[in-house]
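Novice: Residue numbers (mature numbering (1 follows the signal peptide of the UniProt record, and there is no 0)): -25 to -1, 1 to 440. What follows is a structure written as structure tokens; I'll ask about it next.
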Ligand SMILES: [Zn+2]
């Protein structure tokens, strides 16, 4: 079994070498991996399909069949021993580059090296927690994705948004308190956050994001709890400005994800053509109706509904943030009941900004909350097929991974596959959950119950043989 850790310098140079070796690699015989004796969760169903085999050829799922399915003579066979085979997980909203501890600290005291090193460690952590795809919701351009795709570092597929786009004083404003309007910032120079105060600014920065490898745009329409200048209730950006972001996205055949808290913000975004509502804490059945009409998705960090929110250091230690978070918690109480009453297409979101060990805990807790607030089946669909549909909204031109579906076990889909020791529809803890947030123990590098991690046909973990 060829297991790829970090590619050695020699292997890399072969991959990167000129025409001859590349053509040689193309001519190589198709590589097959045959998973036998597995029960399949396909990304949708509330029951497992028992006693199946899955044949992977190169980076795609070729055939799904019974235990009589065979591959080529030299296919690598992995006996699943009755374990669950399911799609790799999809994170709908992460910030791989942002290490915290606060927005002002990242503006004032960081260089590109700090961000890059953090991004490398976060990417590795995500992959080993079972995530084969991550949509980055602001801060990452194409460099991280490139390093992962060419095998230089370990990580999931990445859908970057480039710089957050937001108004002066809004949730994407990282500038120092006395910094004049329009002055160059650290985050702006790195194209991680851009201040946009007009339709023209939005055109400029939106197009620049796509130029720098974004697969979709991120627009900051509401405020937040841990940012410096913005009430969470903020309605930032006129209808015209949000439509300008949608227009730029449409030029590229892609879409806008909008950071929206209040119902007014959500409705404005949807009416402007935004396809992905981020957080959407004041979601209700009227929002659900408009979302369905518009074919929109929502991703929500469920930790926002946890009393533990008020205990995280970035909130607890800053009086203004604590006050904002307390009022937000009170305003968000109807989200879960509304989502149960009027369910919509909802993808997974962790939204961690912080050190890798803390984010690892938060991911495990966010997994847990998805099954606890809802149920294991809902959590699994959220983590797989819905996330796959969401990232595919980046369209034919900007989708960095256009050759197959993500988040499903289907013939022709990408071979992003987990083997799980147990049935997660019955016991969701086998997905590597934690019922504690920041006060929980450090998480393992990879959950023991996730026995195989395959991304793009390459195996990154296999404890079976
Ligand atoms: Zn976010």
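All C-beta atoms, glycine included, are put in the ideal place defined by N, C-alpha and C. Keep in mind the model is a prediction, meaning the values are calculated, not measured.
For the stretch 51 to 97, which segments carrying the alpha helix (DSSP H) assignment without a break, of at least 4 residues, lie completely within its bounds, in sequence order?
Specialist: For the stretch 51 to 97, whole alpha helix (DSSP H) runs of length 4 or above, ordered along the chain, are 78 to 83.
Novice: Tell me the DSSP secondary structure of residue 133 in three-state form.
Specialist: Residue state, collapsed to three classes: strand.
Novice: According to DSSP, simplified to helix, strand and coil, what is residue 437?
Specialist: If DSSP states are grouped into helix, strand and coil, residue 437 belongs with the strands.
Novice: Could you check which residue in 422, 214 and 432 has the C-alpha nearest to that of residue 103?
Specialist: That would be 422, whose Cα lies nearest to the Cα of residue 103.
Novice: Skipping 5 residues on each side, what residues in its chain have a beta carbon closer than 7 Å to that of residue -1?
Specialist: With a pLDDT of 46 at residue -1, under the threshold of 50, the predicted position of this residue should be treated as unreliable, and no value is reported.
Novice: Cβ of residue 329 within 9 Å of Cβ of residue 79?
Specialist: No, these two residues do not count as a Cβ contact at 9 Å.
Novice: Classify residue 270 as buried or exposed, calling it buried when 16 or more other Cβ atoms lie within 10 Å of its own Cβ.
Specialist: Classification for residue 270: exposed.
Novice: Mark residue 100 as exposed unless 16 or more other C-beta atoms lie within 10 angstroms of its C-beta, in which case mark it buried.
Specialist: Counting Cβ neighbours within 10 Å, residue 100 comes out buried, since at least 16 surround it.
Novice: Pick out the complete beta strand (DSSP E) segments inside the stretch 134 to 218, 3 residues or longer, and give them in chain order.
Specialist: Here the runs fully enclosed are 139 to 141, 168 to 170 and 192 to 195.
Novice: Skipping 5 residues on each side, what residues in its chain have a beta carbon closer than 6 Å to that of residue -3?
Specialist: Note that residue -3 scores 41 on pLDDT, short of 50, meaning its location in the model is unreliable; the coordinates nonetheless yield the value given after this. Nothing meets the Cβ criterion.
Novice: Any residue with its C-beta under 7 Å from a non-hydrogen atom of ligand 1 counts. Can you list them all in chain order?
Specialist: So the residues near ligand 1 by this Cβ test are 68, 70, 112, 113, 234, 253 and 326.
Novice: For residue 232, which residues does DSSP report across the bridge?
Specialist: DSSP, once it has assigned bridges, lists 193 and 251 as partnering residue 232.
Novice: Once the 5 residues before and after residue 178 are set aside, which same chain residues still bring their CB inside 7 Å of it?
Specialist: Answer for residue 178: 219 and 223, listed in chain order.
Novice: Residues in its own chain within less than 7 Å of residue 313 by CB, not counting five upstream and five downstream?
Specialist: So the list reads 258, 259 and 260, once near-sequence residues are dropped.
Novice: Considering just the uninterrupted stretch of the beta strand (DSSP E) at residue 401, what are its terminal residues?
Specialist: Unbroken run through residue 401: none, as it is neither H nor E.
Novice: Cβ of residue 481 within 9 Å of Cβ of residue 381?
Specialist: Shown here, the chain extends from -25 to 440; a query on residue 481 therefore has no answer.
Novice: My output table needs one value for residue 376: the three-state DSSP class, helix, strand or coil.
Specialist: Residue 376: coil per DSSP, three-state reduction.
Novice: Helix, strand or coil: how does DSSP classify residue 430 here?
Specialist: In the structure shown, residue 430 sits in a strand (DSSP, three-state: E or B).
Novice: If distances are taken between C-alpha atoms only, which option among 197, 139 and 275 comes closest to residue 325?
Specialist: Among 197, 139 and 275, the Cα nearest to that of residue 325 is on 275.
Novice: How big is the Cα-Cα spacing for residue 149 and residue 68?
Specialist: Answer to the nearest angstrom: the Cα atoms are 19 Å apart.
Novice: Rounded to whole angstroms, what's the CA-CA distance from residue 493 to residue 171? Just pull it up for me.
Specialist: Examination of residue 493 is not possible in this model, given that the chain is present from -25 through 440 alone.
Novice: Can you give the beta carbon distance from residue 168 to residue 200, rounded, assuming they're within the 8 Å contact cut?
Specialist: Contact flag wrong, Cβ pair sits at about 17 Å.
Novice: Between the stretch 49 to 64 and the stretch 394 to 412, can you find at least three pairs of beta-carbon atoms closer than 8 Å?
Specialist: In short, these stretches touch, since the Cβ pair count reaches three.
Novice: In terms of residue numbering, what span does the beta strand (DSSP E) encompassing residue 7 cover?
Specialist: Residues 7 to 15.
Novice: What first and last residue would you give for the alpha helix (DSSP H) that runs through residue 25?
Specialist: No alpha helix (DSSP H) holds residue 25; the beta strand (DSSP E) holding it covers 24 to 32.
Novice: Can you have a look at residue 438 and say buried or exposed, based on whether 16 or more other CB atoms are within 10 angstroms of its CB?
Specialist: Exposed, since its Cβ has fewer than 16 Cβ neighbours within 10 Å.
Novice: Here's the rule: buried if 16 or more other CB atoms are within 10 angstroms of the residue's CB, otherwise exposed. What is residue 25?
Specialist: Burial call: exposed.
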